[in-house]
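Engineer:
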Amino acid sequence: QVSPYDCLGCGVCLTACPAEGALTMTSFEDMKPEQTLFDEVAMNESYLKKDVINDKSVKNVQFAKPYFQFSAACAGCAETTYIKLLSQLFGDRMYIGNAAGCSSAISGGAPILPYCKDCQGHGPAWEHSLFEDNAEFAYGFFHAQDSIRKELLIRLEAIKAAGIAVEAVEAYENGWKKTETSRIVTDALIAALEQAEQTEDVKYVLENKEYLAKKSVWAVGGDGWAYDIGYGGIDHVMAQNRDVNLMVLDTEVYSNTGGQSSKSTPTSATAKFAASGKRVAKKDLGAMLMQYGYVYVAQVAMGADQAQTLKALREAESYDGPSIVICYCPCLEQHIKAGMGTSQDEMKKAVECGYWHLYRYDPRRIAEGKNPFQLDSKEPDTSKVMDFLMGENRFASLKNNFPDKADALYAKEVEDVKARYAKYKKLAEG
Ligand SMILES: Cc1ncc(C[n+]2csc(CCOP(=O)(O)OP(=O)(O)O)c2C)c(N)n1
Ligand code: SF4
Ligand code: SF4
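For what it's worth, the working numbering labels the leading residue of the sequence shown as 2, then goes sequentially.
1. What residue range is occupied by the uninterrupted alpha helix (DSSP H) comprising G98?
2. Please state whether the Cβ-Cβ distance between A220 and G98 is less than 7 Å.
3. Quick one: does the C-beta of G225 sit closer than 6 Å to a heavy atom of ligand 1?
4. Apart from the five residues on each side of it in sequence, which residues of its chain come closer than 6 Å, Cβ to Cβ, to T187?
5. Please work out which residues of its chain come closer than 7 Å, Cβ to Cβ, to L153, disregarding the five sequence neighbours upstream and downstream, and give them in chain order.
6. Of the residues E128, A351, M291, which one's Cα is nearest the Cα of A101?
7. Could you give the distance in angstroms between the alpha-carbon of P364 and the alpha-carbon of T180?
8. For P323 versus V386, is the C-beta spacing smaller than 7 Å?
9. What is the chain-ordered set of residues for which the beta carbon lies under 6 Å from any non-hydrogen atom of ligand 2?
10. With DSSP as the reference, label S47 as helix, strand or coil.
11. What residue does the beta strand (DSSP E) around A299 start on, and which one ends it?
12. State yes or no: is the C-beta of I337 within less than 7 Å of the C-beta of E353?
13. Quick check: does the Cβ of S256 come within less than 6 Å of any heavy atom belonging to ligand 1?
14. Check the C-beta distance from A351 over to A288 and give it rounded, since I have them as a contact under 8 Å.
15. May I ask whether a heavy atom of ligand 1 can be found less than 6 Å away from the beta carbon of A74?
16. Would you please state the rounded distance, in angstroms, between the beta carbons of V3 and F39? I believe it to be under 8 Å.
17. With distances taken Cα to Cα, identify the nearest neighbour of Q70 among L87, H358, Q335.
18. Quick check: Y96 and F132, are their CB atoms within less than 7 Å of each other?
19. Since S148 is in the alpha helix (DSSP H), which residue starts that stretch and which ends it?
20. Would G231 and A305 qualify as a contact pair, given that the criterion is a beta-carbon distance under 7 Å?
21. What residue range does the beta strand (DSSP E) around A126 cover?
22. How far does the alpha helix (DSSP H) with N1 in it extend, from its first residue to its last?
23. Tell me the rounded alpha-carbon separation between G223 and L9.
24. Taking 8 Å as the cut-off, does the stretch 27-39 touch the stretch 274-293 (at least 3 CB pairs, one atom from each stretch)?
25. Decide yes or no for the touch test of the stretch 101-119 against the stretch 254-272: beta carbon pairs closer than 8 Å, at least 3 of them.
26. Do you know offhand how far L428's Cα is from Y422's?
27. Over what stretch of residues does the alpha helix (DSSP H) that includes D346 continue unbroken?
28. Is L333 near ligand 3, judged by its Cβ being under 6 Å from some heavy atom?
29. Output the distance between the C-alpha atoms of G392 and L15, rounded to the nearest integer angstrom.
30. Just to confirm the assignment: which complete alpha helix (DSSP H) runs, minimum length 4, are found wholly within the stretch 253-317?
31. Taking the alpha carbon of M454 as the point to measure from, which residue in G225, S277, L286 has its own alpha carbon closest?
32. Which residues in the same chain as D465 place their Cβ atom closer than 7 Å to its Cβ, once the five residues preceding and following it in sequence are excluded?
33. Which class does R365 belong to by DSSP, given the choice of helix, strand or coil?
34. For Q300 and Y228, which I take to be in contact (beta-carbon distance under 8 Å), what is that distance rounded to the nearest angstrom?
35. Taking 7 Å as the cut-off, decide whether the C-beta atoms of C11 and A79 are in contact.
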């Protein structure tokens, strides 16, 4: 059910819907009466059917409540699609640090805030960090939680020793860390303690009950943050081997300040500070962090493979260690010729030609004797790279403005693309 008052008319649903022709764009005036249905049915949580909601399939996860709704992003913006999905998966227990950038501007633009809570009062805790310290900022969330929980576990041991709610305490101690059981054992513990003798320790645990269930700590931000300004912090936090997750919304430029070049900008792309085309290859952030061996690293593009995106986000979150998911994000600043209504399709094209690759590096596989690196995208057809580049004015404009330099830079970009695939293929072969 679409909300006519909130639809931006971007047209992404028309190009992304797998049932071709199922959706048609019609005028706002015609659709206005539908708003009541949206407000009274789609937004009514009591109609959510718990049995159809699960996070294991793309279709089913869309029945889960998004805790990120109606942002002020550009129509067709891909950044919002990843944040929305993340919020559907973990929103009721998320702590988010958000680096300055489009994702913070669209998330914290008071008075219209897209983050929300559910009928039980659960929802993401969100805060805007500085541009340069977002990973450290989220790491602070992690440490605060960790310290409080250590004290809670000491109190629970004392409660158990006093013979109070022994079974519920044990179930909590064994189950709080697992995503699937955390909420269940926490609710059971709270219920048991509420019925128990109110000793000082019991009162302490109940006063701090909001900290009992497992939290999902995320640092979210753009490539300017992750590849450039905040990279030192990212490297430090990932190296600590603690349970902190990063989501990089990679638009390949500093989008929020008008499209400046970052280390993520690829060869031959034009951007501010790279008006005559970027000369050097895109930094391979994922490959750099894979070197630690204990960091979960994934690269995704929702429009190319929704199931792989879902899998990567779930794996990153469930990994009891540092994780980073790098998400390809078509953006207004890339000047896609076909328009932002094709932003999901553009991701598909990027992966088909090998401009972008899908992979997951899961350190848990090492203990199972398996290759931790899995290349999820198929062998690309690199003969289509030039078509892809010419479909976006950030590349195509180079030919008009610097005809003497363009061909050499395009050729270098094609070589960069091929070299990247060769590197990943080798990694996948073990
Ligand atoms: C230290 C510092 N330098 C510059 C800025 C201004 N600034 C705010 S957002 C931003 C660009 C963000 O780009 P990116 O991280 O790629 O995120 P995007 O907007 O693309 O999502 C800049 C330069 C700042 N806030 N702090
Ligand atoms: S995808 Fe775009 S056009 Fe389709 S319902 Fe959403 S905002 Fe409206
Ligand atoms: S400038 Fe790009 S990243 Fe920012 S809101 Fe617009 S489409 Fe999204």
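Ideal Cβ placement from N, Cα and C applies to all residues, glycine included.
Structural biologist: The structure says:
1. Element bounds for G98: not the alpha helix (DSSP H) but the beta strand (DSSP E), 95-99.
2. Between A220 and G98, the CB-CB gap stays under 7 Å.
3. yes
4. L213, A214
5. Here the set comprises V206, N209, Y212, L213.
6. E128
7. 18 Å
8. no
9. V3, C8, L9, G10, C11, G12, V13, C14
10. helix
11. 297-301
12. No. Outside cutoff.
13. Indeed, a heavy atom of ligand 1 lies less than 6 Å from the Cβ.
14. Between A288 and A351 the Cβ distance is about 18 Å, and since that is not below 8 Å, they are no contact.
15. no
16. 7 Å
17. L87
18. Taking 7 Å as the Cβ cut-off, Y96 and F132 do not qualify as a contacting pair.
19. 135-162
20. no
21. 126-129
22. The chain is shown only over 2 to 431; residue 1 falls outside these bounds and no answer can be derived.
23. 23 Å
24. Cβ pair count under 8 Å is below three, so no.
25. Contact between the stretch 101-119 and the stretch 254-272 is present: three or more C-beta pairs spanning the two stretches fall below 8 Å.
26. Using only the alpha carbons, I get a separation of about 10 Å.
27. 344-353
28. yes
29. G392 and L15 have their C-alpha atoms spaced approximately 19 Å apart.
30. 286-291
31. The chain is shown only over 2 to 431; residue 454 falls outside these bounds and no answer can be derived.
32. Only positions 2 to 431 of the chain appear in this structure, which leaves residue 465 out of reach.
33. helix
34. That pair is no contact at about 13 Å.
35. no
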